[in-house]
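Visitor: Going by the numbering used here, the sequence shown opens with residue 247, and the numbers climb by one from there.
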Amino acid sequence: MIEPANVLLSGIVGSTAYGLAGPGSDIDRLGVFAAPTTAFHGLTFPEDSVVSKKPDATFHEARRYANLALAGNPTVSELMWLPEDLYETRHPLGYDLIGIRTAFLSAKRVRDSYLGYATQQFKRLEARGDGSFSADTRKRTAKHARHLARLVTQGLDLYTTGHLRIRLDDPRRFLDFGERVAAGDVDVARRTMADYEARFDATPTPLPNEPDRAAVETWLRRVRAHFFDAAG
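#1: Would you call the segment 348-362 in contact with the segment 395-402, where contact means no fewer than 3 C-beta pairs closer than 8 Å?
#2: Taking the alpha-carbon of L491 as reference, which of D433, Y405 and Y311 has the nearest alpha-carbon?
#3: Suppose contacts are defined by Cβ-Cβ distances below 8 Å. Is G257 in contact with Y333 by that definition?
#4: Of the choices A391, T321, F446 and D433, whose alpha-carbon is the least far from that of V259?
#5: Using DSSP with H/G/I as helix, E/B as strand and the rest coil, what is T335?
#6: Within this structure, are the beta carbons of T387 and V434 separated by less than 8 Å?
#7: Round the Cβ separation of L266 and L361 to the nearest angstrom and send it over; I've been treating them as touching at under 8 Å.
#8: Rounded to whole angstroms, what is the Cα-Cα separation between S271 and A308?
#9: Check S271 in the structure and name its three-state DSSP category.
#10: What do you reckon, is the C-beta of G318 under 7 Å from a heavy atom of the ligand ATP?
#11: Which residues bound the alpha helix (DSSP H) around S359?
#12: Since V253 contacts T335 with CB under 8 Å, what's their CB separation in whole angstroms?
#13: Please state if the CB of V278 and the CB of L343 are separated by a distance shorter than 8 Å.
#14: By a C-beta neighbour count over all protein chains shown, 10 Å radius and 16 as the cutoff for buried, is E324 buried or exposed?
#15: Could you give the uninterrupted runs of the alpha helix (DSSP H) lying entirely in the segment 284-333, keeping only those of 4 residues or more?
#16: Measure the alpha-carbon distance for E456 versus I273 and round it to whole angstroms.
#17: Please name the residue, chosen from D415, K299 and P282, that lies closest to E293 on a Cα-to-Cα basis.
#18: Since I258 sits in a beta bridge, which residues does DSSP pair it with?
#19: Could you check how far apart the C-beta atoms of F305 and E249 are, in whole angstroms? I think they sit under 8 Å.
#20: For the alpha helix (DSSP H) that contains H472, what are its first and last residues?
#21: For L328 and G408, which I take to be in contact (beta-carbon distance under 8 Å), what is that distance rounded to the nearest angstrom?
#22: Assuming the contact rule is C-beta atoms closer than 8 Å, A461 and I346 should be a hit. Round their C-beta distance to whole Å, please.
#23: Please work out which residues of its chain come closer than 7 Å, Cβ to Cβ, to I412, disregarding the five sequence neighbours upstream and downstream, and give them in chain order.
Listed below in C-alpha cells is the structure:
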C-alpha cells in the first residue's frame with residue numbers, strides 16, 4: 247500500500263465498516279494527509295490524492311478532503327464517523343477533524359448527495375437486464391443494489407438525526423435486498439428510491455442550510471501552520 251507522509255487520519259471504510267463484507271470482499275482504506283505547506287509556494291501544487299490498488303487505499307490531501315466533505319461526498323465523509331476500532335492512524339489534527347465533523351453538514355447537500363449516489367447505483371441496476379446474466383454480473387448487481395439501500399438508509403438517518411451511523415443495524419436485510427434485485431426484481435429498487443425520496447421530503451432535519459465553512463477553514467489553516475516545515 248502506498249501511504250503518503252503526514253497522514254492525519256486513516257481507517258477501514260466500505261463494506262467492512264458497514265458490516266456487508268463477505269469472504270471475498272476487499273478491505274478498503276481511506277485517509278487524509280497534509281502536504282508540506284511550502285510545497286504550495288511554487289509553480290506546481292503537490293498531488294491532491296494518492297491512490298493504490300491491491301490493497302485498495304485512497305488518501306486525499308487535507309484541502310481536497312475538506313472540499314469533498316463540504317460538498318457532501320458520502321464516501322469521503324464516512325472517515326470522520328467510523329467506529330473506534332476501524333481507525334488505523336489518528337494524528338492530533340485528525341482528532342480535531344473528527345471533532346468538527348458536523349461542521350461539514352448541511353441539509354441540501356446531505357439530501358442531494360445521498361440520493362444522488364443512490365440514483366447512480368440504480369441506473370447501473372437498470373442496465374443489467376432481467377436477471378438472466380452471468381454469475382459475475384449478478385454479483386456486481388447485488389453489490390449495486392445493497393449499496394443503493396445502504397445509501398438511502400444512512401442518508402435519511404443522517405438527515406434526521408445529524409449523526410452518521412456507519413455500521414448497519416441489520417446487514418442481512420441489505421444483503422437479501424441485493425440478492426432479490428440481482429434475481430431480476432429491479433422494481434423493488436425503484437420503489438425503494440421513490441419511497442426514500444418522499445421520506446426525505448416529509449422529514450424535518452436539524453441540519454443547517456449551509457455547512458460551517460469557517461470552522462473547516464480554521465482547521466485547515468492549523469494544518470498548514472503545523473506542516474509549514476517541509477519535514478513535518
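Each residue gets a CB set at the ideal place from its N, CA and C atoms; glycine is no exception.
In this text, all values refer to a predicted model and were calculated from it rather than measured experimentally.
Guide: On the basis of the coordinates in this document:
#1: yes
#2: Missing from the structure shown is residue 491; the chain here goes from 247 to 478 and no further.
#3: Locating residue 257 in the sequence shown gives position 11, where the first residue counts as 1. Locating residue 333 in the sequence shown gives position 87, where the first residue counts as 1. Yes; because the gap between Cβ atoms is below 8 Å, this pair is in contact.
#4: Here residue 259 corresponds to residue number 13 of the sequence shown, with the count starting at 1. It is T321.
#5: For the purposes of this step, residue 335 is taken as residue 89 along the sequence shown, with counting starting at 1. Here T335 sits in strand by DSSP.
#6: In the sequence shown, counting from the first residue as 1, residue 387 sits at position 141. In the sequence shown, counting from the first residue as 1, residue 434 sits at position 188. No. Outside cutoff.
#7: On the sequence shown, residue 266 is found 20 positions in, with the first residue counted as 1. On the sequence shown, residue 361 is found 115 positions in, with the first residue counted as 1. At roughly 20 Å, the Cβ-Cβ gap does not stay under 8 Å, so L266 and L361 are not in contact.
#8: Taking the sequence shown and counting its residues from 1, one reaches residue 271 at position 25. Taking the sequence shown and counting its residues from 1, one reaches residue 308 at position 62. Cα to Cα, the separation comes out at about 28 Å.
#9: Here residue 271 refers to the residue found at position 25 when the sequence shown is read from its first residue. Of the three classes helix, strand and coil, the one that applies to S271 here is coil, per DSSP.
#10: Looking for the ligand ATP in the displayed structure turns up nothing, as the structure carries no ligands at all.
#11: Translated into positions along the sequence shown, residue 359 becomes position 113. Run containing S359: A353 to E372, per the alpha helix (DSSP H) assignment.
#12: Residue mapping note: residue 253 aligns to position 7 of the sequence shown, counting from 1. Residue mapping note: residue 335 aligns to position 89 of the sequence shown, counting from 1. V253 to T335, Cβ: 5 Å. Contact.
#13: Mapped onto the sequence shown, residue 343 falls at position 97. Mapped onto the sequence shown, residue 278 falls at position 32. It is a contact, given that the beta carbons lie within the stated cut-off.
#14: Numbered from 1 along the sequence shown, position 78 holds the residue referred to as residue 324. Result: buried.
#15: 308-316 and 320-323
#16: Counting from one through the sequence shown, the residue named residue 456 turns up at place 210. Counting from one through the sequence shown, the residue named residue 273 turns up at place 27. Each residue's alpha carbon lies about 33 Å from the other.
#17: Taking the sequence shown and counting its residues from 1, the one referred to as residue 293 is at position 47. Of D415, K299 and P282, the residue nearest in Cα terms is P282.
#18: Within the sequence shown, the letter at position 12 stands for residue 258. I258 is bridged to R275.
#19: Along the sequence shown, one-based indexing puts residue 305 at 59. Along the sequence shown, one-based indexing puts residue 249 at 3. Confirmed, Cβ separation roughly 7 Å.
#20: In the sequence shown, the residue the question calls residue 472 occupies position 226. Element bounds for H472: R459 to H472.
#21: Here residue 328 is taken as the residue at index 82 of the sequence shown, counted from 1. Here residue 408 is taken as the residue at index 162 of the sequence shown, counted from 1. About 17 Å separates the two Cβ atoms, so there is no contact after all.
#22: Residue 461 sits at position 215 when you count from the first residue of the sequence shown. Residue 346 sits at position 100 when you count from the first residue of the sequence shown. Indeed, because the Cβ distance is near 5 Å, the residues count as touching under 8 Å.
#23: The residue given as residue 412 occupies position 166 in the sequence shown. Excluding residues within five positions, the ones whose Cβ falls inside 7 Å are A263, Y264, E324, W327, L328 and P329.
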